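Okay, so here's the structure we're looking at.
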Amino acid sequence: MNIDTVLFDLDGTLAGTAPDMLAALSTLLREQNRAPVDPVVARGCVSRGAVGLLRLAYGDDLADDEFERLRVRFLRIYADALCVDTRLFPNMAETLAHIEGSGHKWGVVTNKPALLTDRLIDALGLTARAACVVSGDTTDQRKPHPKPLLHACACCASRAAQCVYVGDDPRDIQAGQAAGMTTLVALYGYISEGQNPHTWGADGVLHDIGQLPAWLRRRNGAGRPQ
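The sequence shown begins at 549 in our numbering and counts up by one.
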């Protein structure tokens, strides 16, 4: 069955959000008189959102209420400077244009809360173009549960077997597989040191998102007629 819908993770796949997320973390740590974190290590945690970054900075010893207080403060700092240095990854704009020009649909499925996702997608000029935007609180489940991806399928009037999900975190691949989708790893994304994406069980990898159009042509050329 041919692929007619491309779904992207947001952080580390569609857009390079690390500069603004790490800036928010740095501000929080200064407020708390905490030592800064290694930016290279922190970059590898961006795809795990506020929780991943705070676990890196504070460890696992915080009480739940203190951790939640820090999480809320981090999100407020981040929301105030959401799209200062965030940009689409190189070749993403051309790839989205190719998808649209080929008559296919594309959308976003992220664990980021809608309050941030919707503003960020709008700041990137993509709101009117995306067939769907599914955030971490759009459904009652988050990745790696397949429900957000299946919701995206419904929004796009597509079937899971006709979708490919591109992400840079093991949870992305797990969610896509559980939903019955083809999955691709964005090797250009925020993959932490020590991880081996080639062991995640995805259907393929992309070193550059500009490789996606050729992958789609090969995949659909070899696919069975719809």
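For glycine and all other residues, C-beta sits at the position ideal for the given N, C-alpha and C.
These figures come from a predicted structure and were not determined experimentally.
For residue i, the residue or residues it bridges with in DSSP
i, result
"Trp654", "Val554"
"Asp559", "Ala563"
"Val682", "Val657"
"Val712", "Val554, Thr730"
"Leu636", "Ala563"
Residues near residue i in its chain [Cβ-Cβ closer than 8 Å; skip 5 each side]
i, result
"Thr687", "Lys695, Pro696, His699"
"Arg621", "Leu576, Glu579"
"Ile625", "Ala572, Thr575, Leu576"
"Ser706", "Asp552, Thr553, Lys653"
"Gly607", "none"
Minimum C-alpha distance to residue i - residue among the options
i, options, result
"Leu570", "Val585, His646, Asp751, Trp748", "Val585"
"Gly737", "Asn581, Met640, Val599", "Met640"
"Ala750", "Ala726, Asp756, Gly742, Gln759", "Ala726"
"Leu644", "Asn768, Gln759, Arg767, Arg766", "Gln759"
"Cys701", "Gly769, Val599, Gln743, Val681", "Val681"
"Ala605", "Arg766, Arg690, Arg767, Arg582", "Arg582"
"Val714", "Thr730, Arg707, Cys704", "Thr730"
"Gln743", "Asp685, Leu663, Pro718, Thr565", "Pro718"
"Ala662", "Arg690, Asn768, Pro587, Arg765", "Arg690"
"Asn768", "Val657, Asp685, Ile647, Cys704", "Ile647"
"Cys703", "Glu741, Val657, Leu674", "Val657"
"Gly564", "Asp612, Glu616, Leu668, Leu764", "Leu668"
"Val588", "Trp748, Glu642, Glu741", "Glu741"
"Ile757", "Glu616, Leu623, Pro638", "Pro638"
Beta-carbon gap between residue i and residue j smaller than 8 Å
i, j, result
"Leu672", "Leu636", "yes"
"Thr665", "Ser650", "no"
"Gly655", "Ala627", "no"
"Asp557", "Val594", "no"
"Ile590", "Leu573", "Looking at the sequence itself, residue 590 is Ala, so the reference to Ile does not match. The answer is yes: Cβ separation under 8 Å."
"Asp633", "Pro567", "yes"
"Pro692", "Ala723", "yes"
"His755", "Leu732", "no"
"Leu618", "Leu602", "yes"
"Val712", "Val599", "no"
"Asn659", "Gly728", "no"
Own chain residues within Cβ distance below 6 Å of residue i, not counting five before or after
i, result
"His652", "Asp552"
"Asp720", "Asp557"
"Val753", "Val733, Leu735"
Continuous beta strand (DSSP E) stretch holding residue i: start and end
i, result
"Leu754", "752-754"
Own chain, CB closer than 7 Å to residue i, minus 5 neighbours either side, in chain order
i, result
"Ile739", "Gly592, Asp716, Pro745"
"Glu614", "none"
"Leu610", "none"
"Leu775", "The structure shown does not extend to residue 775, since the chain is modelled only from 549 through 774, so no value can be given for it."
"Asp748", "According to the sequence provided, residue 748 is Trp. The question's Asp does not apply to it. Closer than 7 Å at Cβ, skipping near neighbours: Pro718, Ile721, Val733."
"Thr675", "Ile669"
Extent of the continuous alpha helix (DSSP H) to which residue i belongs
i, result
"Gly600", "597-606"
"Leu573", "566-579"
"Tyr626", "612-628"
"Pro696", "695-703"
"Val588", "587-591"
"Thr665", "662-671"
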